[in-house]
Structures are given as structure tokens and as C-alpha cells.
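In this note's numbering, the protein residues as written are 1063 to 1150. Here the structure comes first, spelled out in C-alpha cells, and everything after it is commentary.
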């Protein structure tokens, strides 16, 4: 499992579920959004800080530059959007 992929999942879930505190749909929906965010953060924490899991992570094999992907996605989102709001 790539740490950088898991960090991208955290980024996706946090940005996708920005409406968690503004638009209440149902209790199930809110709980599942929190579960996705917390579980993704827990996986990233385990891969970075947990002593046993951290030893199994090979940083030399995880060479994808995910910051470029985030920057390109941000620039593309500025060009392709429905409304120009922070939540869009």
C-alpha cells in the first residue's frame, strides 16, 4: 500500500465531504462521512508513526510525486466547474 495514495485518499475525502457541517442529509450519511475521513487518517497515521507498520513501508519504492497531481487537479478545477464557490 502506497503512503502517498493513502494521503491522496485523505485529501479526496476531506475535500469531498466539506458539506459535512453545512448540509445535513441524514445521520447515516454524516456518520459514514466521518468514518471515511477518520479511517483514512488512521491509515496514514499508522503508516507514518506506528512503529511496526512504519518498518514495513519502503519509502524508496514509493516514488510517485503526488504533489504534482494535486496541483494539476487544482488548476483543472479552476477551469472546469459549475459555480465558482469554495464548496464547488
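All residues carry an ideal CB built from backbone N, CA and C; glycine is no exception.
Residue 1103 and residue 1095 look like a contact to me (Cβ under 8 angstroms); what is the Cβ gap, rounded to whole Å?
Here residue 1103 refers to the residue found at position 41 when the chain shown is read from its first residue. Here residue 1095 refers to the residue found at position 33 when the chain shown is read from its first residue. Their Cβ separation, rounded to whole angstroms, is 13 angstroms, which puts residue 1103 and residue 1095 out of contact at 8 angstroms.
Span separating the alpha-carbon of residue 1078 from that of residue 1071
As a first step, residue 1078 must be located in the chain shown, where it is residue number 16. As a first step, residue 1071 must be located in the chain shown, where it is residue number 9. If you take the alpha carbons of residue 1078 and residue 1071, they lie about 10 angstroms apart.
What three-state label does DSSP hand residue 1078 in the structure shown?
Along the chain shown, read from residue 1 onward, the residue named residue 1078 stands at position 16. In the structure shown, residue 1078 falls within a helical segment according to DSSP collapsed to helix, strand and coil.
Are the beta-carbon atoms of residue 1066 and residue 1126 separated by less than 8 angstroms?
Indexing the chain shown from 1 puts residue 1066 at position 4. Indexing the chain shown from 1 puts residue 1126 at position 64. Yes; because the gap between Cβ atoms is below 8 angstroms, this pair is in contact.
Spatial distance of residue 1154 from residue 1138 (CA atoms):
The chain is shown only over 1063 to 1150; residue 1154 falls outside these bounds and no answer can be derived.
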